[in-house]
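Below is one structure; the comments refer to it alone.
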Amino acid sequence: MRWVLADHRLLYALTIDLFVHHGMDRAVAEAIADVQVEADLRGMYSHGLRAIPMYLDRLRLGIINPKPRLRIESMSPLSAIAHGDDGPGQYVARSAMAECIERAERIGMAIVTARRSNHLGAVGYYANMAVARGLIGFATTNGNVMLPPAGSRTPVVGNNPMAWAFPAGDEPPLCYDVATSVVAGGKIDLAAAEGDDIPPGWGVTATGSATQDAAIAAASGMAIPLGAPTASHKGFGLALVLEALAGVLSGSKFGRQHAVEVESGERPWDEGHLFVAIDPGVLMPRDEYSARMVAFLHDVRSAGVNGTARLPGAEAHARREKALRDGLWLPSSIYRRLGETAVAAGFPALAPLPLRDQIA
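For the sequence shown, this note's numbering gives the first residue as 7, with consecutive numbering after it.
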C-alpha cells in the first residue's frame with residue numbers, strides 16, 4: 007500500500023461541495039463529511055472517504071434522498087423511531103443518536119431505532135457521540151446480506167457491525183467497534199483498489215473457496231463469519247442478534263429482503279439502525295464510575311507486555327490526535343479516486359502529493 011500526506015480540512019470541504027453540487031442539502035452533506043473524515047483520522051480507511059464515490063453513485067441512482075425530511079416519532083419517554091426518508095445513513099444516524107442522548111440525559115437511558123436509512127459509515131462514530139456527553143453508547147446497523155449459515159453458500163444476513171463506547175475519565179474512551187465477519191468488507195475493497203493481496207482467512211470466492219485475491223473476494227458477495235474457521239457460529243449468531251435489533255425491531259427491511267434490493271435495483275434500500283445511550287449516573291455517582299473505569303483500564307493495560315496491553319479504541323484515539331497535529335496519512339488509491347471524482351464533477355483537480363511506501 008502506498009500513502010499520501012493530505013490536509014483533512016481540504017478533503018472535508020471538498021466532500022461537502024461534491025454532495026451539494028449534486029443537489030444535497032448542505033446540513034445533510036456536512037453529516038457525511040464529518041463521519042467519513044473522522045473515520046480516516048482514526049485510521050479506519052475502509053470506512054472513510056473511500057466510500058464517497060459509492061455514495062455519489064447511489065445518489066444519482068435515486069437510492070439516497072439528497073433532501074430528506076427526517077421525522078422523529080416518540081414511542082415513550084425513553085424510546086423513539088427516526089424515520090429517515092431514505093436520507094444518507096450518516097445524517098439519519100447522527101439525528102437518531104442525538105435524540106437518544108437527549109432522552110438519556112433526561113431520564114437516564116434511552117433507545118432509538120431508525121428506518122428508511124442508508125449506509126452510515128463507521129458505527130463507532132455514533133457510540134462516541136454518547137461518550138462526548140459522559141454517557142455509555144451503543145450503535146448497530148444492518149445492511150446487504152453477506153454471511154451464510156454454516157455449510158451454506160446462501161448469505162442470509164449482513165456482517166452487521168456494532169460499537170460499544172464507555173467514557174473513562176481522563177483516559178481515552180473504551181470503544182469496541184467490530185463487524186461480525188472476520189474482516190470488514192471495506193478492507194477487502196481497499197486492498198483490491200491498492201492492488202494488494204489479502205491475508206489467508208479473509209476472503210472466499212463466489213463458490214466458497216478460500217482466496218487471497220482481493221478483487222475476487224470483493225466480488226464474491228460473501229464474507230467469513232467472525233470466529234472462523236473453528237467458531238464461525240459465534241460470529242454468525244452475533245450477526246443474527248444484531249439483525250433482530252437493527253432490522254426486525256427497527257421496522258426496516260431485514261435479512262434476505264436486502265438481497266432482493268441489490269439484485270433487482272429495488273428502492274428504497276431501507277437500512278435499519280439501533281442506538282442506546284446510558285447515563286452511568288443512574289447506577290452510581292459519575293465520579294465513582296469514572297474512577298472505577300480508569301482503575302479497570304489501568305489493570306488491563308498493566309497485564310500486557312511491558313505494561314502496554316492494547317485497549318479497544320486507544321490506538322484510533324492516538325491516530326486521530328496525530329493526524330490533527332501532523333496531517334492525515336491516506337492510502338493513495340483513496341486520494342486518487344476522490345480527485346478523479348472531483349474532476350468529473352467539474353471541480354479543480356486535487357494537487358498531486360508525493361507517494362510514500364509507509365506512514366512516517
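In this text, a Cβ means the ideal position worked out from N, Cα and C, and glycines have one as well.
Here the structure is a predicted model, which is why all the values come from computation and not from measurement.
If you look at Ala224, you'll find it in the alpha helix (DSSP H) that goes Ala220 to Ala225. Collapsing the DSSP output to three states places Met81 in a strand. When the five nearest sequence neighbours on each side are left out, the beta carbons in the same chain lying within less than 8 Å of the beta carbon of Val349 are those of Ala355, in order along the chain. Assigned with DSSP and collapsed to three states, Arg15 falls in helix.
By the Cβ-count criterion, His279 is buried, with 16 or more other Cβ atoms from all chains shown falling within 10 Å of its own Cβ.
If you ignore the 5 residues before and after Arg325, its C-beta comes within less than 6 Å of the C-beta of Arg48 and Gly49, all in its own chain and listed in chain order. A direct Cα-to-Cα measurement between Gly164 and Met81 gives close to 27 Å. Under the 8 Å Cβ criterion, the segment 122-133 does not count as touching the segment 287-303, having fewer than three qualifying pairs. Distance check between Gly29 and each of Leu65, Gln364 and Ser308 places Leu65 closest, using alpha-carbon atoms only. Trp275 and Glu177 have their C-alpha atoms roughly 39 Å apart. In terms of CA proximity to Ala116, Ile107 leads the group Arg122, Ile107 and Ser123. Counting along the chain, no alpha helix (DSSP H) covers Tyr182; the unbroken beta strand (DSSP E) around it starts and ends at Leu180 to Val184.
Contact annotation: Glu200 and Met7 have beta-carbon atoms nearer than 8 Å. In this structure, Val189 is the residue among Glu249, Asp31, Val189 and Leu317 with its C-alpha nearest to the C-alpha of Ala220. Here Val282 is bridged, per DSSP, to Ile117 and Phe144.
Here the C-alpha atom of Asp92 lies approximately 47 Å from the C-alpha atom of Gly313. For His27, same chain residues with a beta-carbon under 7 Å away, outside a window of 5 residues either side, are Ala351 in chain order. Between Pro83 and Arg56, the gap from beta carbon to beta carbon reaches 8 Å or more.
Of the residues assessed, Met290 falls on the exposed side of the cut-off, its CB having fewer than 16 other CB atoms within 10 angstroms. With a contact defined as Cβ atoms closer than 8 Å, Pro318 and Cys181 qualify at about 6 Å. Here Ser52 carries a helix assignment [DSSP, helix/strand/coil]. Annotation: the segment 300-336 contains no complete segment of the beta strand (DSSP E) (minimum length 3 residues). It is roughly 20 Å from the alpha-carbon of Asn148 to the alpha-carbon of Arg77.
In the structure shown, Met7 adopts coil according to DSSP, grouped into three states. Per the DSSP secondary-structure output, Pro354 pairs with nothing in a beta bridge. Contact between Leu248 and Gly241 does not hold, since their C-beta atoms are separated by about 11 Å, which reaches or exceeds 8 Å.
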